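Presented below is the structure to which this report refers.
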Ligand code: BDR
Ligand code: CA
C-alpha cells in the first residue's frame, strides 16, 4: 500500500533529501508539494521545489506556494550560513522552467484532503504556517486527514536555535501551537531523533556515483551543509532532519514514540519550545493543558536502518541507472 502525501517544505538541503526520497520510494505517492518561508524566502523555496522536481523528472507533481511570514512573530532572518543564500549551498542553479499552480498552499491542502478523505498524510518539514492556515480555512480537515508528520521540536534534547527551541517550531510558534492543539493525529519527529541520524560524506559519494539524475547535485549541495555541522557540532557529516519525517511515514517501526499533549511556548525566553505532558499531569494543576488531544513524539530511532532506507531510495530503479 502506498501512502499519499503532501510535502510541506522550505527547500533547503535536507528538504531536498526528503523530497527525493518521497519521490523514489515505492511506499510513497507524492501528490503535491507546498512551500513556505523558512530556510529561504518563500519565493526561493518555490523555485527550489520546482527545480528539485525538474531535476528528478517529476515536474508533473504540482507545487503550491504558501506562507511568506509567520502568523504573529516577525520573520526571522533566513539561515544562509546553514543552507546557503539560495537554499542549496550557494550552487546558484539556473531558474526552473516550470511554475507553481495559482492555488495557495493552504487551499491546496484543504482541497486534496477533502478529495481523498482519510488517505492523505501531510509531511511538514518547515515552519507550520501553511498547516495552521489550512486548519483555519476548514477545521473539518482535522477529521479527514490520515496523519500529520512534522519534522520539528525537541523533547529532551536541547534546541538548535535557542537552548530549548528547534528551528521549524521557533520560526512560527503560534502556527505550531495551533497545529499541536488540534484534534488530528500528529507525530513529532524532532531533534531527539534527528540528531542521532548522521549522514556522512561516504554515503553522499555513493549516491553521487549511483544516481545519474540528482546524485551529483545532492553531493555538491551537501558539502556546504556538512561544513556547517562540522564547525558548529563537530560531527563528520550532517543530520538527517527532514528525511527522518519521510522515513517515519514509510516505516514507523524505525522509531520509538511517547504520547501526550504537546504545547508550544509562544512567548518569553522559551519561545518555540515543545513541551509534552507524557504523564497526564496536566489535569492536576494547569488548566491550559486540559482537553488537549494526545499526540506522538519520537524519542528513539534505529539510525542504521534509516540511513539504509535513505541510501536505497536515492539509488533505486526510479533514478534510471
Ligand atoms: C530543520 O530546520 C531546517 O534548517 C531544516 O531544513 C529542518 O527542517 C531542522 O531544525
Ligand atoms: Ca526543512
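Numbering (the working numbering), first residue to last: 9 to 329.
Where a beta carbon is used, it is the ideal one built from N, C-alpha and C, also for glycine.
As the structure is a computational prediction, the values presented were derived from the model and not from experiment.
Closest option to residue 288, judged by alpha-carbon separation, among 298, 43, 96: 298.
In this structure, the C-beta of residue 180 stays at least 7 Å away from each heavy atom of ligand 1. A contact is defined here as three or more CB-CB pairs under 8 Å, and the region 222–235 fails this definition with respect to the region 264–281. In the DSSP assignment, residue 142 falls outside any beta strand (DSSP E) and within the unbroken alpha helix (DSSP H) covering 137–145.
Taken through DSSP and simplified to helix, strand or coil, residue 123 comes out as helix. The beta carbon of residue 111 sits closer than 6 Å to those of 72, all from its chain and outside the five residues before and after it, given in chain order. Rounded to the nearest whole angstrom, the CA to CA distance from residue 45 to residue 231 is 23 Å. Ligand 1 never approaches residue 203 closely enough for any of its heavy atoms to be under 7 Å from the residue's Cβ.
Short note on residue 250: C-beta closer than 7 Å to some heavy atom of ligand 2. Ranked by Cα distance from residue 69, the options 312, 59, 183, 270 are led by 59. The continuous beta strand (DSSP E) containing residue 11 extends over residues 11–17.
Taking the Cβ of residue 194 as the reference point, every heavy atom of ligand 1 lies at 7 Å or farther away. Here the distance from the Cβ of residue 238 to the nearest heavy atom of ligand 2 is not below 7 Å.
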